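A.B. asks: Throughout the sequence shown, residue numbering follows my numbering, covering 214 to 423 in sequence. Right, I'll just put the structure down here and ask away after.
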Amino acid sequence: MPNRVDPYDAEISPADLRPAKVDIPRIEKAVREILTAVGEDPDREGLLKTPNRVARAWAEMIAGLQEEPQRHLKTVFTEQYDEVVLLRDIEFHSLCEHHLLPFTGKAHVAYLPNGKVVGLSKLARLVEGFARRPQVQERLTTQIADALMESLEPIGAACVIEATHSCMTMRGAKKHGCTMVTSALRGCFKDDARSRSEILSLIRPGNNQQ
Ligand SMILES: [Zn+2]
């Protein structure tokens, strides 16, 4: 019996991942070390609880590290739908692994089904699972597209991500407002010029009009 749960009625906002199990006292110790190293007094009132707050923030920010995001694509629905499925503007927060500073933005995820479709909320969870860990934007983009190819065996898959990186806006080049755009195209979106230009014009990175 095919599963007739409506794949589209689930909410599409990313799931709240449970905080990861991390060694809280060890992070607290490290944060005290950093504070001391920069000449601060970790025992002054304002900083007393900081090491613990930072440790708990980390457990949330890397919550995706202890899950296998592809598991969200296990429940598929058989559907003869041969047009593009696109979920735009999936907000995410990730952590640049080079500077351990946040980068945040939007992911646009699309696939051209080959008989298998998945609930929209699952696409958002997939993004969230890969985002909540030390990452680089390029890898985040390819991991999402590759997971779709592997699990749904679609005719094509695409992921376009636009994000701003704190490590670039707060330090270094201090380029405010600039966005990094990465794309990973698979299957027909990679091999066929017409499908590629179609999907990219549907995604229209940088265009926030719905
Ligand atoms: Zn960085």
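Built from N, CA and C at the ideal position, the CB exists for glycine as well. Remember, predicted model here, so these are calculated numbers, not experimental data.
#1: Report the three-state DSSP secondary structure of Met214 (helix, strand or coil).
#2: What is the C-beta distance between Phe316 and His378, in whole angstroms, given that I count them as a contact (C-beta under 8 Å)?
#3: Which whole-angstrom value describes the C-beta separation of Leu336 and Leu300, a residue pair presumed to lie in contact below a C-beta threshold of 8 Å?
#4: Assuming Gly318 and Ile374 are in contact, meaning their beta carbons sit under 8 Å apart, how far apart are those beta carbons, in whole angstroms?
#5: For Gln350, does the three-state DSSP call read helix, strand or coil?
#6: Just the Cα atoms here: how many angstroms apart are Trp271 and Phe343?
#7: Can you give me the C-alpha to C-alpha distance between Lys242 and Leu308, rounded to a whole angstrom?
#8: For the candidate residues Ala376, Pro367 and Glu341, whose alpha-carbon lies nearest to that of Gly400?
#9: Based on the DSSP output, what are the partners of His306 in its beta bridges?
#10: Quick one: what's got a C-beta closer than 6 Å to Leu314's C-beta in the same chain, skipping five residues either side?
#11: Can you tell me whether Gln350 is buried or exposed? The criterion is at least 16 other CB atoms within 10 Å of its CB, across all chains shown.
#12: How far does the beta strand (DSSP E) with Val235 in it reach, from first residue to last?
#13: If the criterion is Cβ atoms closer than 7 Å, does the pair Thr355 and Ala397 meet it?
C.D. replies: Quick look at the numbers:
#1: Reading the sequence shown from its first residue, position 1 is the one you call residue 214. With a pLDDT of 38 at Met214, under the threshold of 50, the modelled position of that residue is not reliable, and no figure is offered here.
#2: The sequence position of residue 316 within the sequence shown is 103, counting from 1. The sequence position of residue 378 within the sequence shown is 165, counting from 1. The pair is a contact, with the Cβ atoms about 4 Å apart (cut-off 8 Å).
#3: Taking the sequence shown and counting its residues from 1, one reaches residue 336 at position 123. Taking the sequence shown and counting its residues from 1, one reaches residue 300 at position 87. Contact holds; Cβ gap of about 5 Å.
#4: As a first step, residue 318 must be located in the sequence shown, where it is residue number 105. As a first step, residue 374 must be located in the sequence shown, where it is residue number 161. Going by Cβ atoms, the distance from Gly318 to Ile374 rounds to 6 Å, so yes, they are a contact pair.
#5: The residue you call residue 350 lines up with position 137 of the sequence shown. Of the three classes helix, strand and coil, the one that applies to Gln350 here is helix, per DSSP.
#6: The residue labelled residue 271 in the question sits at position 58 within the sequence shown. The residue labelled residue 343 in the question sits at position 130 within the sequence shown. About 15 Å.
#7: Position 29 of the sequence shown, counted from the first residue, corresponds to residue 242. Position 95 of the sequence shown, counted from the first residue, corresponds to residue 308. About 21 Å.
#8: Taking the sequence shown and counting its residues from 1, the one referred to as residue 400 is at position 187. The candidate whose alpha carbon is nearest that of Gly400 is Pro367.
#9: Here residue 306 corresponds to residue number 93 of the sequence shown, with the count starting at 1. Thr317.
#10: Taking the sequence shown and counting its residues from 1, one reaches residue 314 at position 101. Once the five neighbours on either side are set aside, the close Cβ partners of Leu314 are Ser379 and Cys380.
#11: In the sequence shown, the residue the question calls residue 350 occupies position 137. Classification of Gln350: buried, given that the 10 Å Cβ count is 16 or more.
#12: Here residue 235 corresponds to residue number 22 of the sequence shown, with the count starting at 1. Neither: Val235 is in no beta strand (DSSP E) and is coded neither H nor E.
#13: For the purposes of this step, residue 355 is taken as the residue at position 142 of the sequence shown. For the purposes of this step, residue 397 is taken as the residue at position 184 of the sequence shown. Yes, they are a contact pair.
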